[in-house]
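Take a look at the structure below.
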Amino acid sequence: MLKTQQISVIGLGVTEDAMLSEAAIQALQSADLVIGSDRQLLTVKTHLNNVKTAMLPKLAKLKTLIESKQKVVVLGSGDPLYYGIGTWLSKQFKDTLIHFYPAVSSITQACHCLGIAQQNVNVLSLHGRPLAKLKVELKAQQTLLLLTDKNSQPQDIATVCLQTGFTDAEIIVCERLGYQEQKISRFTISELVESELEFDALHVSFVLCGENKGFLPQFPGIKDADFETGELGSKGMISKREVRLAILSLLQPSRDDVIWDIGAGCGGVAVELAYWQSQASIYAIEHNQARFNCLLQNQHKFGVVSNLKTTFGRAPEALSDLPIANKIFIGGSDGELPQLLDSLWEKLADNGQIVVSAVMEKTKSQLLDFYNKRLAVNDSELETLQIAVNKSRSLAGQLAYQPALPVSLFSFIKNTEQQLNKGKSGE
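Here it is in structure tokens:
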């Protein structure tokens, strides 16, 4: 079997005729195979001579196609390493020499057409991704630039803005950038929602968000009332906002974290974790059907459909097929907390963390036992706090504060090195 020796990834920019460097042209003309879409191959046709070409297949078949030749050119967007084919190629061919030849991207071109500084724009790709992801990025007075596909047309974007309260937003659609037929159109949300306009496949969309009049949060601490709890109402099993913020602070969700939320209820903690840290993977486990249904509703309501995964079932049985977590939150254990803690702690990697909330005295007592056990063997960093919240209400026409049941939080960070050091010092 041939071994691919070199891959050249050439960005074609946003012009009708490719504006290529001499190095890019040389790579094209010396290739054994040039891969691209119909439009891309047509753009470089004058440079190809007798070089063999192939239509860009789906990614599942692309690797095999590339491996069939020694010197391959893959045609890409303006910047192949920015939401482009280059990122995928770098991961798939780590041991192969890859050269990149970037050009002006549609993102850069669109910003220049409107005189908007690119550093002041947040870019989101919805290409091949759920439209609901847009909800996580919508923020007051923000400018978004969206790379889209057939499932995220301007009308679809306008509908999401309308549903989430961004009714004053404007959408600017930039079609066929760099071509003679280039067209830039500006719409209000109401104009687009009811519109039957068709847009060219080659387009990007700006969203000038304007004011947030809806439920999407601007900052950590989603309102309790904004979570769906269905007929469960106040019994909907969400950690209340003040407690939820403390849980987030203890867990410090970070990039590449794998976090389990055991006893997720209607999803208060899981949704907030996923919403504010899109680069972490959150797994919410819940066994009550009514609460699980609300969890699913909240997942979609807040757009955390990519990095929040839901599992119906009980721990520990429901955990067996999940990726190993480095952080765990337990909001409910159905009376199995001592056994669950011992099992999770045994399997937890060094520097892994378990955070548990407790309201009932029995649960607090069980956590205190586990706390003392960890303290005795000195194998963890321990922290515990109690949160008592008094919320305002009207009583006989006067302002009064009604106390809620205090919530205890326990945090255990595994640190076997600490235990080893203690053992050595005692020798």
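Residue numbers for the sequence shown follow the working numbering, so the first one is -7 and each next one is one higher. Glycine residues also receive a C-beta, built at the ideal position from the N, C-alpha and C atoms. Nothing here was measured: the structure is a model prediction, and the numbers come from that model.
Sequence-distant residues of the same chain with beta carbon closer than 7 angstroms to residue i, five excluded per side
{"i": "G260", "result": "F219, I230, S231, R236"}
{"i": "V96", "result": "G5, V6, G70"}
{"i": "K63", "result": "Q(-3), Q(-2), S22, A23, D24"}
{"i": "N290", "result": "F219, E220, C258, G259, V263"}
{"i": "P395", "result": "A380, N382"}
{"i": "L336", "result": "I320, I346"}
{"i": "N299", "result": "A266, S270, A272, S273, I274"}
{"i": "A124", "result": "H292, G295, V297"}
{"i": "S82", "result": "I90"}
C-alpha gap between residue i and residue j, whole angstroms
{"i": "R366", "j": "I316", "result": "22 angstroms"}
{"i": "E409", "j": "K339", "result": "16 angstroms"}
{"i": "G213", "j": "T180", "result": "30 angstroms"}
{"i": "I17", "j": "Y171", "result": "21 angstroms"}
{"i": "R168", "j": "E188", "result": "19 angstroms"}
{"i": "I108", "j": "T100", "result": "9 angstroms"}
{"i": "N114", "j": "L391", "result": "43 angstroms"}
{"i": "Q145", "j": "P330", "result": "51 angstroms"}
{"i": "C166", "j": "G295", "result": "25 angstroms"}
{"i": "Y74", "j": "A307", "result": "40 angstroms"}
{"i": "S13", "j": "A266", "result": "43 angstroms"}
{"i": "K61", "j": "M47", "result": "15 angstroms"}
{"i": "S349", "j": "F304", "result": "21 angstroms"}
{"i": "Q110", "j": "E353", "result": "55 angstroms"}
{"i": "Q470", "j": "K(-5)", "result": "The requested residue 470 does not occur in the structure, where the chain is confined to residues -7 to 419."}
{"i": "T135", "j": "L200", "result": "5 angstroms"}
{"i": "S372", "j": "I90", "result": "45 angstroms"}
{"i": "N318", "j": "D249", "result": "7 angstroms"}
{"i": "D192", "j": "I149", "result": "16 angstroms"}
{"i": "D342", "j": "R233", "result": "30 angstroms"}
{"i": "V424", "j": "F207", "result": "Past the edges of the chain, shown from -7 to 419, lies residue 424, and the structure says nothing about it."}
{"i": "Q147", "j": "A310", "result": "40 angstroms"}
{"i": "L139", "j": "L360", "result": "51 angstroms"}
{"i": "E183", "j": "L106", "result": "21 angstroms"}
{"i": "I77", "j": "S98", "result": "15 angstroms"}
{"i": "Q133", "j": "T159", "result": "12 angstroms"}
{"i": "D313", "j": "D253", "result": "15 angstroms"}
{"i": "A217", "j": "L397", "result": "18 angstroms"}
Contacts around residue i, its chain only, beta-carbon distance under 6 angstroms, and the 5 residues preceding and following it disregarded
{"i": "G164", "result": "A small correction: the amino acid at residue 164 is Ile; Gly does not occupy that position in the sequence shown. Same-chain partners within the cutoff: R178, F198."}
{"i": "L126", "result": "V152"}
{"i": "L333", "result": "F362"}
{"i": "H39", "result": "I17, L20"}
{"i": "D278", "result": "The question names Asp, but residue 278 is Glu in the sequence shown. Counting only Cβ-Cβ distances below 6 angstroms, and skipping sequence neighbours, we find A256, F284, L287."}
{"i": "T35", "result": "L4, A10"}
{"i": "R482", "result": "In the structure as shown, the chain starts at -7 and stops at 419, and residue 482 therefore has no counterpart that could be examined."}
{"i": "S0", "result": "A19, V65, H91"}
{"i": "Q84", "result": "K55"}
{"i": "I27", "result": "A46, L48, V66"}
CB contact check: residue i to chain C, cutoff 8 angstroms
{"i": "L40", "result": "The structure shown contains no chain C, having only a single protein chain."}
For residue i, the residue or residues it bridges with in DSSP
{"i": "M47", "result": "G28"}
{"i": "D253", "result": "A276, F321"}
{"i": "V1", "result": "V66, F92"}
{"i": "A350", "result": "S400"}
{"i": "A392", "result": "R385"}
{"i": "K406", "result": "S372"}
{"i": "Q345", "result": "K319, I405"}
Bounding residues of the alpha helix (DSSP H) (the contiguous stretch that carries residue i)
{"i": "F363", "result": "According to the sequence displayed, residue 363 carries Tyr and not Phe. Taken as a continuous stretch (DSSP letters only), the alpha helix (DSSP H) holding Y363 covers 353 to 369."}
{"i": "Q291", "result": "281 to 293"}
{"i": "K339", "result": "329 to 339"}
{"i": "Y267", "result": "260 to 268"}
{"i": "K37", "result": "37 to 40"}
{"i": "I230", "result": "I230 -> no alpha helix (DSSP H), and no H or E assigned at all."}
{"i": "I17", "result": "14 to 21"}
Nonlocal neighbours in the same chain, by C-beta distance under 8 angstroms from residue i, ignoring five residues either side
{"i": "Y453", "result": "There is simply no residue 453 to check, as the chain begins at -7 and stops at 419 in what is shown."}
{"i": "M11", "result": "G5, A95"}
{"i": "D141", "result": "L118, H119, G120"}
{"i": "W268", "result": "P212, L240, P245"}
{"i": "T88", "result": "T(-4), Q(-3), Q(-2), I(-1)"}
{"i": "N41", "result": "Q21"}
{"i": "G157", "result": "N204, K205, G206, F207, L208"}
Residue interval of the beta strand (DSSP E) (run including residue i)
{"i": "N382", "result": "382 to 387"}
{"i": "K301", "result": "300 to 304"}
{"i": "Q378", "result": "372 to 379"}
If you scan the stretch 82 to 156 from start to end, which runs of the beta strand (DSSP E) of 3 or more residues do you find wholly inside it?
-> Complete beta strand (DSSP E) runs here, min 3: 89 to 93, 114 to 117, 135 to 139.
Beta strand (DSSP E) segments (min. 3 residues) lying fully within the stretch 153 to 222 = If we require 3 residues or more, the beta strand (DSSP E) runs fully inside the stretch 153 to 222 come out as 162 to 167, 175 to 180, 195 to 200.
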